[in-house]
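For reference, the structure is listed below as structure tokens.
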Amino acid sequence: MCSDCFYSFVIELQEDMMVQEGDILLPEDRNAVKTIWSDATVHFTISKELAHRVSEIYAALKMIADATCIRFRKHTNELNYLKIRDGIGCASYVGCRGGVQSVFFGPKCSVGNLCHEIIHALGFHHEHTRTDRDQYITVNWQSIKPKSKRNFEVKHGDTLNLPYDLNSIMHYGQYFFSVDGSPTVLPKQSGVKMGQRTHLSQLDVQRLNKLYHCGKDLLYLITGFLLDTSS
Numbered sequence: 001m002c003s004d005c006f007y008s009f010v011i012e013l014q015e016d017m018m019v020q021e022g023d024i025l026l027p028e029d030r031n032a033v034k035t036i037w038s039d040a041t042v043h044f045t046i047s048k049e050l051a052h053r054v055s056e057i058y059a060a061l062k063m064i065a066d067a068t069c070i071r072f073r074k075h076t077n078e079l080n081y082l083k084i085r086d087g088i089g090c091a092s093y094v095g096c097r098g099g100v101q102s103v104f105f106g107p108k109c110s111v112g113n114l115c116h117e118i119i120h121a122l123g124f125h126h127e128h129t130r131t132d133r134d135q136y137i138t139v140n141w142q143s144i145k146p147k148s149k150r151n152f153e154v155k156h157g158d159t160l161n162l163p164y165d166l167n168s169i170m171h172y173g174q175y176f177f178s179v180d181g182s183p184t185v186l187p188k189q190s191g192v193k194m195g196q197r198t199h200l201s202q203l204d205v206q207r208l209n210k211l212y213h214c215g216k217d218l219l220y221l222i223t224g225f226l227l228d229t230s231s
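Take a look at the structure:
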């Protein structure tokens, strides 16, 4: 398994939250409305305990800002914002939930892991939970840790009419949550490596731009200063 792959963990009763799908946080109110961030702008703060990792955090935000119209700005008095904080591992809610919203960036989490979590916060679930996933992958249920099987359940949601993406930064790797070291997810296409956490795929970029109504000229890359870290 690659060192930059998903870091699995459990958070127990931290801020009245539960962990689902390994890194997706759920409040006790499971029916809370999830939505996108208004004006494609996400305000954020960084906890003091992560002061030594600010450059990594900015690098993760820049991965998204450089390829989309989504802007990240330092929080001042906005009602809705992300608080990037230390934790046991890497975790995030899905979508904008309202108010202060934690994103956990633990010691073993990479820049790519944090980018993955920010994309959850922007509104995206894991790629392997799409309704059409069985056309592209095989899930080996017998190889999955019993308590982790819910992580592999299909979720009914909007695919934005874009193809399934084995190379997505949001896709699980072959051995995530394996009970015995054997693959839990196998691609039906040969020679494909899943679970990368180093870059946004072209389809990741298209998805983000489509969900946030970015212009057609922003399909793959936009220019300009979109990561505003000024106070």
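Everything in the sequence shown is counted per full-length UniProt numbering, starting at 1 for the first residue and increasing by one. Note that the Cβ used here is the ideal one computed from N, Cα and C, for glycine as well. These figures come from a predicted structure and were not determined experimentally.
Check	Outcome
Beta-bridge pairing of ILE84 - partner residues as DSSP gives them	ILE46 and VAL103
For LEU186, three-class secondary structure by DSSP	strand
Spatial distance of ASP66 from LEU200 (CA atoms)	10 angstroms
For ASN80, the nearest candidate out of LYS145, GLY98, ARG73 and VAL192 (CA to CA)	GLY98
Limits of the unbroken beta strand (DSSP E) element including ILE64	Careful: ILE64 lies outside any beta strand (DSSP E), inside the alpha helix (DSSP H) at 54–65.
ALA91 - containing beta strand (DSSP E), residue span	90–92
The segment 173–182 in contact with the segment 81–93 per 3-pair CB rule at 8 angstroms	no
3 or more residues per run - each beta strand (DSSP E) lying fully within the segment 115–163	137–139
For THR41: DSSP bridge partner residues	ARG71
CA nearest to the CA of HIS52, picked from ARG85, ILE70 and HIS126	ARG85
Span of the alpha helix (DSSP H) around residue 292	Residue 292 cannot be examined here, being either before or after the span of the chain that is shown, 1 to 231.
Separation of GLN196 from LYS74, as counted between CA atoms	28 angstroms
Short Cβ contact (9 angstroms threshold) for ASN161 with CYS69	no
Local Cβ density within 10 Å of TRP141, reported as buried at 16 or more and exposed below that	exposed
Stretch pair the segment 182–191 + the segment 116–125: three plus CB contacts closer than 8 angstroms	no
Between the CA atoms of GLY106 and SER190 - distance to the nearest angstrom	34 angstroms
Buried or exposed (CB count within 10 angstroms, at least 16 for buried), VAL100	exposed
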